[in-house]
Amino acid sequence: MKLTTSINWSTGKPGNWVTKKLNKLASCNLYLILTTNLIGKLNLKGGKIMEKERFLNFEGLTFDDILLVPEKSAILPREVDVSTKFSRNIDINIPLVSAAMDTVTESRLAIAIAREGGIGIIHKNMSIEEQAEEVDKVKRSESGVIVDPISLSPEKSVGEAIELMAKYHISGIPIVNKEKRLVGILTNRDIRFLEEEDKRLKIAEIMTKENLITGPLGTTLEEAKRILHKNRIEKLPIVNKNFILKGLITIKD
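Numbering (UniProt numbering), first residue to last: 1 to 253.
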């Protein structure tokens, strides 16, 4: 409720127009915003205002109220650390968190903000199953050492692989046989120049299967970085001694 009249704070008595309105609200608690920098929490009884507490010099700012002027600095960008705590056990690299609103944060934004170092909160205006699916999309989207990567059989169609890559926002899928043994990998390079009718082809017909570059169990991100750079590849499947797929590391890590 916003008032455009004045109030005598020493007596607690407003003008006649205000008194009539407040008589209808007797015995109620109400916040009256008197000016942009004066907020009083008031108790109304019998049409009189009794002040309980008051905040002076309260000020709110919007984007238009702030201007950052560029100046020379002795601090180099690489020396700046803006990491912070999101919770007791979760650290984030930049202090940006997206709102848990159905018009703001689902997997698409959560993936984008996570890649920059922040975190997105998936809203709950959907079923539990849908919430879990949104989180799953984020966790599987180019994120660290993926311990249970999405994989496909070489007998599946190229079209199915393209749909899966689009759904999870990934650029490649390991291809495994029935025993989960790695037999190839399908990436954007393999499908970039395909025609529409080629989507009916089996993955086995176009996947990369010769000279597969892999990493053993226990490969660190630093070791993976050297392997990826040396071989000019973007994805490194992690396999055990029997060539069973155990994980995946991507260049975005």
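Yeah, the Cβ is synthetic: ideal placement off N, Cα and C, and Gly gets one too. None of the values given here were measured: they were computed from a predicted structure.
Report the three-state DSSP secondary structure of R181 (helix, strand or coil). Start at 1 with the first residue of the sequence shown, and residue 181 comes out as number 181. In the three-state reduction of the DSSP assignment, R181 falls in the strand class, which pools E and B.
Count the CB pairs spanning the segment 61-72 and the segment 80-89 that are closer than 8 Å, and state whether there are at least three. no
Could you give the DSSP three-state label for K41: helix, strand or coil? The residue given as residue 41 occupies position 41 in the sequence shown. Residue confidence for K41 is low, a pLDDT of 42 falling below 50, so the modelled location carries little weight and cannot support an answer.
Contact between the segment 168-187 and the segment 240-251 is defined here as three or more beta-carbon pairs at a separation below 8 Å; is this criterion met? As far as the Cβ criterion goes, the segment 168-187 touches the segment 240-251, which means the pair count is three or higher.
Decide yes or no for the touch test of the segment 176-184 against the segment 207-220: beta carbon pairs closer than 8 Å, at least 3 of them. Between the segment 176-184 and the segment 207-220, the count of Cβ pairs shorter than 8 Å is three or higher; the stretches touch.
Where V104 sits in the DSSP three-state scheme: Numbered from 1 along the sequence shown, position 104 holds the residue referred to as residue 104. The answer is coil: DSSP assigns V104 none of H, G, I, E or B.
Neighbourhood of N16 by C-beta, 7 Å cutoff - its chain only, sequence neighbours within 5 removed: Your numbering for residue 16 matches position 16 in the sequence shown. Its pLDDT being 49, under 50, N16 is placed unreliably in this model, and the value from its coordinates should be taken loosely. Within the same chain, N16 has no close Cβ partners at all.
Leaving aside the five residues before and after Q131 along the sequence, list all residues of the same chain whose C-beta is less than 7 Å from its C-beta, in chain order. Within the sequence shown, the letter at position 131 stands for residue 131. Result list for Q131: I122 and K124, in chain order.
Name the DSSP bridge partner or partners of V97? In the sequence shown, counting from the first residue as 1, residue 97 sits at position 97. BP columns for V97 point to I119.
Taking 6 Å as the cut-off, is the CB of I206 close to at least one heavy atom of the ligand PLP? In the structure on display, the ligand PLP does not appear, and there are no ligands present to speak of.
Check this for me: beta carbons of S157 and R226, under 7 Å apart or not? Indexing the sequence shown from 1 puts residue 157 at position 157. Indexing the sequence shown from 1 puts residue 226 at position 226. No, the Cβ-Cβ distance between S157 and R226 is not below 7 Å.
May I have a chain-ordered list of the alpha helix (DSSP H) segments no shorter than 4 residues that lie completely inside the UniProt domain "CBS" (207-253)? 221-231
Hey, quick one: how far does the alpha helix (DSSP H) through I173 stretch, first residue to last? Taking the sequence shown and counting its residues from 1, the one referred to as residue 173 is at position 173. Note, I173: premise wrong, no alpha helix (DSSP H); beta strand (DSSP E) at G172 to V176.
Can you tell me whether A114 is buried or exposed? The criterion is at least 16 other CB atoms within 10 Å of its CB, across all chains shown. If you number the sequence shown from 1, residue 114 lands on position 114. Result: buried.
Taking T105 as the reference, give the member of K180, G120 and N177 with the closest Cα. In the sequence shown, counting from the first residue as 1, residue 105 sits at position 105. It is G120 whose Cα lies nearest to the Cα of T105.
In or out: I90 buried (at least 16 other Cβ within 10 Å) or exposed? Residue numbering aside, residue 90 sits at position 90 when the sequence shown is read from its first letter. The residue in question, I90, is exposed, as its Cβ has fewer than 16 Cβ neighbours within 10 Å.
Considering only their Cβ atoms, is the gap separating G118 from L96 smaller than 7 Å? Counted from its first residue, the sequence shown places residue 96 at position 96. Counted from its first residue, the sequence shown places residue 118 at position 118. For L96 and G118, yes; Cβs fall inside 7 Å.
DSSP state of K156 mapped onto helix, strand, coil: Here residue 156 corresponds to residue number 156 of the sequence shown, with the count starting at 1. Three-state DSSP puts K156 in coil, outside helix and strand.
Is the beta carbon of K230 sitting closer than 7 Å to the one on E155? Numbered from its first residue, the sequence shown carries residue 230 at position 230. Numbered from its first residue, the sequence shown carries residue 155 at position 155. Their beta carbons are not under 7 Å apart, which means K230 does not touch E155 by this criterion.
Within the same chain, show all residues whose beta-carbon is closer than 7 Å to that of I146, passing over the 5 residues directly before and after it, in chain order. By one-based count along the sequence shown, residue 146 stands at place 146. Cβ neighbours of I146 beyond the five flanking positions: R140, G247 and L248.
Which class does D91 belong to by DSSP, given the choice of helix, strand or coil? The residue you call residue 91 lines up with position 91 of the sequence shown. Of the three classes helix, strand and coil, the one that applies to D91 here is strand, per DSSP.
Looking at C-alpha atoms only, which residue of F193, V80, I150 and E160 is the closest neighbour of P237? For the purposes of this step, residue 237 is taken as residue 237 along the sequence shown, with counting starting at 1. Measuring from the Cα of P237, the nearest candidate turns out to be I150.
Going straight from the alpha carbon of A166 to that of K178, what length do you get? The residue given as residue 166 occupies position 166 in the sequence shown. The residue given as residue 178 occupies position 178 in the sequence shown. C-alpha separation (whole angstroms): 24 Å.
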